[in-house]
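First comes the structure, then the notes that go with it.
There are 2 protein chains.
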Amino acid sequence: MMKTLQVALGDRSYPIHIGENLLSESDLFTAHIRGKEVLIVTNETVAPLYLDTVKTALNDYRLESVILPDGEQYKTLDIMQLIFDRLLEARLSRQVTIIALGGGVIGDMAGFAAACYQRGVPFIQVPTTLLSQVDSSVGGKTAVNHPLGKNMIGAFYQPQCVLADTDTLKTLDDRQFSSGLAEVIKYGLINDAEFFDWLEQNMSLLVSRDPAALAQAIARSCQDKATIVADDEREQGVRALLNLGHTFGHAIETGSGYGNCLHGEAIAIGMVMAADLSQRMGWLSTEKVTRISNIMIAANLPVTVPDKLSSADFMNLMAVDKKVQDGLIRLVLLKDIGQAIISDNYDGDALAETLAKFTAEN
Amino acid sequence: MMKTLQVALGDRSYPIHIGENLLSESDLFTAHIRGKEVLIVTNETVAPLYLDTVKTALNDYRLESVILPDGEQYKTLDIMQLIFDRLLEARLSRQVTIIALGGGVIGDMAGFAAACYQRGVPFIQVPTTLLSQVDSSVGGKTAVNHPLGKNMIGAFYQPQCVLADTDTLKTLDDRQFSSGLAEVIKYGLINDAEFFDWLEQNMSLLVSRDPAALAQAIARSCQDKATIVADDEREQGVRALLNLGHTFGHAIETGSGYGNCLHGEAIAIGMVMAADLSQRMGWLSTEKVTRISNIMIAANLPVTVPDKLSSADFMNLMAVDKKVQDGLIRLVLLKDIGQAIISDNYDGDALAETLAKFTAEN
């Protein structure tokens, strides 16, 4: 049973297909490939598992592939050069379609490369992790990291379609899987309290990777995100809500060194910190903060700051985060479960208390 | 007397101001700067001449600058990293405005960096060469080179405005100046026969850098280009006419090594080659081919292929040029002076004869 959602973005609209065994469905690919040339971008972990399946589905095309090293620490302009090298060495024209086969890092880099190659060629997202299926493959944000900040160099660039094959989740390791659950929980917190309740009820099914529960959670997450993105493609307003947990989270990722803390783990902690700050502002009850912390724990996610990050480290790292306007740190906070807001009108002392609490033992 | 043209691109429309002493006109800048932060991107040749003037005009802003090495050989992703490094080290936010102060290379790199930094920040083009004033600052094409092809990595990204200060042309060396005249002549050849006639009459004035003649030529060139770009921003159709001389020219630039042959010099030769092929197709008279060659010579431009490029080199280099669709080389050719066409329907033998003629002594 394949579910299909549509991301409504005018002439950049595209479908998201969610279901089992999609990688071998040639028609799902070919409906979105205009020319005769295809470059598959994947990594050394995913390639042995799924590259041949996709190649078989596309054997009518002139196929090239590039296999990148696996990990957030490789999401750089230097590694992206390997994609351009392959495109040029293989003399692929501006009619080429790029297929991103992998997790969020592959999607971000292959998508950004597609945005830039000959000033823009089409691409298809084939996310193979839970995180990328519910988050990075929806919405057209592509980027690479800079040593001084995550996702600082990139483009808004929409794919032709997204194929989320739930079979690929079977091979995910537990940390990667839980990291994806953090983004799923995020949608409930932002604007979908009903979904948050459902997640509390079904977390043990999800953690055991029950296929039906997973398909439902992925579809609901994509729908929630697609709705927000359709309202605000270029993040002028409500789209910034999707950054719930991300300002704290990016600081945690950067401060602990790319690759040491998974993205979903970092934003899980970031969401708990945002809840703590929201509670200090009198917006969230202690009971709701506990529910938020508990659902993270149920999803096998961390809720404490790792390593030796200090309050000063946080302030320093958050100031270069891109959710800053003219020097003022804007945060996504919670008025309630299911009601996130963008605020630069919180109490600075409360922020200091939150940072002090979470870094007390560091 | 400042002339102002408008490039009509819907909500991405912008003005081009052409005149003397524009660099010190604060108002021309501030009308197009939204935040409080400005990064000026320039190079080691232009900085000593004009950086202080622009800084003085902008002394109400938080100003940062980055000075890149000068030359087409530095138009690479690696050098563009220096722009990102400066942006991040200076903690400039997504409210920053980037000012490109220099020739086409600076405009292409600063514009592409603006397109990518935090997925897009505004930028202002301040072209200081004739070539960039009439060509690269109009139309929103930004890019860097790859060792295997020119402008292979880039974005379509429009500036907030273009300030073409004709005073800056006084400091141009003769080769750079003539290189700009090649693009001016190109507009006459593409679709403006009246302008071509005017250029034939006024070439000696232009070569002597007569201010009034220059202002007229720049404004007419920008107008011709702006009209074509407004019809076809993303080069799906008529915009490709602007590549007259460029397929041959890019092969000459790449084959002779970036930096050895200036862009305008290479496309001057490329236009003469396109005229030769058009004559072999029976479209252009011998007399018109001679007029085209003569106007290049009058502008102090080369009309013969430099170095040791062979016909095989040309075929090899042209095949990766981006004006290729599914393996077939498309060329911009001339039905007449002032009537360029995009064609993949010419005689392959005639192309071979043109290449043989122009590479006979190599």
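Chains A and B are the protein sequences, given in the same order.
Residue 153 in this note's numbering sits at position 153 of the first sequence; the count goes up by one each step and never skips.
For this note's numbering, count along the second sequence from 1 and bump the result up by 1000.
Cβ coordinates follow ideal geometry from the N, Cα and C atoms, glycine included.
Check                                                                                                                                                            : Outcome
Under 8 Å, with one C-beta from each stretch per pair, do the stretch 1125 to 1138 of chain B and the stretch 1005 to 1025 of chain B reach the 3-pair mark?     : yes
Flag Tyr1117/B as yes if its beta-carbon sits less than 8 Å from any beta-carbon of chain A, otherwise no.                                                       : yes
DSSP on Lys322/A, reduced to helix/strand/coil?                                                                                                                  : Reliability fails at Lys322/A, whose pLDDT of 48 lies under 50, so the model's placement of it is uncertain and no value is given.
Please classify Ile1228/B as buried or exposed, where buried requires at least 16 other C-beta atoms within 10 Å of its C-beta.                                  : buried
Quick check on DSSP: helix, strand or coil for His1146/B?                                                                                                        : strand
Considering only C-alpha positions, which residue in the set Ala1360/B, Lys1186/B, Arg1280/B is nearest to Ile1267/B?                                            : Lys1186/B
Which full runs of the alpha helix (DSSP H) of 4+ residues lie inside the stretch 1246 to 1325 of chain B, going along the chain?                                : 1246 to 1255, 1263 to 1280, 1286 to 1298, 1311 to 1318
Applying a beta-carbon distance threshold of less than 8 Å, which residues of chain A neighbour Phe1156/B?                                                       : Arg119, Gly120
Between Ala1213/B and the rest of its own chain, which residues show a CB-CB distance below 7 Å, the 5 nearest in sequence each way excluded?                    : Asn1202, Leu1205, Leu1206
Any heavy atom of the ligand PLP within a distance shorter than 7 Å of the CB on Ala1340/B?                                                                      : This structure simply doesn't include the ligand PLP, nor any ligand for that matter.
Check the Cβ-Cβ distances between Asp91/A and every residue of chain B, and say whether any is below 8 Å.                                                        : Inspection of the sequence shows that residue 91/A is occupied by Arg rather than by Asp. By this cut-off, Arg91/A is an interface position.
Which residues of the stretch 1075 to 1088 of chain B have a Cβ closer than 7 Å to any Cβ of chain A? Give them in chain order.                                  : Leu1077, Gln1081, Phe1084, Leu1088
How far does the beta strand (DSSP E) with Asp1336/B in it extend, from its first residue to its last?                                                           : 1331 to 1336
If you pair each beta-carbon of the stretch 1293 to 1307 of chain B with each one of the stretch 1178 to 1198 of chain B, do three or more pairs fall below 8 Å? : yes
Look up Asn43/A in the DSSP assignment and say whether it is helix, strand or coil.                                                                              : strand
Assuming Thr42/A contacts Ile67/A (C-beta within less than 8 Å), just tell me the rounded distance between them.                                                 : 6 Å
Along the chain, where does the beta strand (DSSP E) that runs through Gly1102/B open and close?                                                                 : 1097 to 1102
Does any C-beta atom of chain A lie closer than 8 Å to the C-beta of Met1152/B?                                                                                  : yes
Give the residues of chain B in contact with Ala319/A, contact being defined as C-beta atoms less than 7 Å apart.                                                : Arg1091
Quick one: list the residues of chain B neighbouring Lys141/A, beta-carbon separation under 8 Å, in chain order.                                                 : Arg1119
Quick one: list the residues of chain B neighbouring His146/A, beta-carbon separation under 7 Å, in chain order.                                                 : Phe1084, Leu1088
Report back the beta-carbon spacing between Gly1111/B and Phe1123/B to the nearest angstrom; my notes put them in contact at under 8 Å.                          : 6 Å
Considering only the alpha carbon of each residue, which of Lys1357/B, Thr1097/B, Leu1241/B lies closest to Leu1333/B?                                           : Leu1241/B
Taking Cβ-Cβ distances shorter than 7 Å, what residues in chain A pair up with Gly1149/B?                                                                        : Leu88
Cα separation between Val121/A and Ala312/A?                                                                                                                     : 43 Å
Shorter than 8 Å from the beta carbon of Lys322/A to some beta carbon of chain B?                                                                                : Confidence at Lys322/A is low in this model, with a pLDDT of 48, below 50, so the placement of that residue is unreliable and no value is reported for it.
Does the beta-carbon distance from Ala230/A to Ala8/A come in below 8 Å?                                                                                         : yes
Ordered along the chain, which non-local residues of its own chain (more than five positions away) have a Cβ less than 6 Å from that of Arg62/A?                 : Lys36, Glu37
Is it right to say Leu92/A is buried, meaning 16 or more other beta carbons lie within 10 angstroms of its own, or is it exposed?                                : buried
Among all the DSSP beta bridges, which residues are the ones paired with Val1126/B?                                                                              : Leu1101/B
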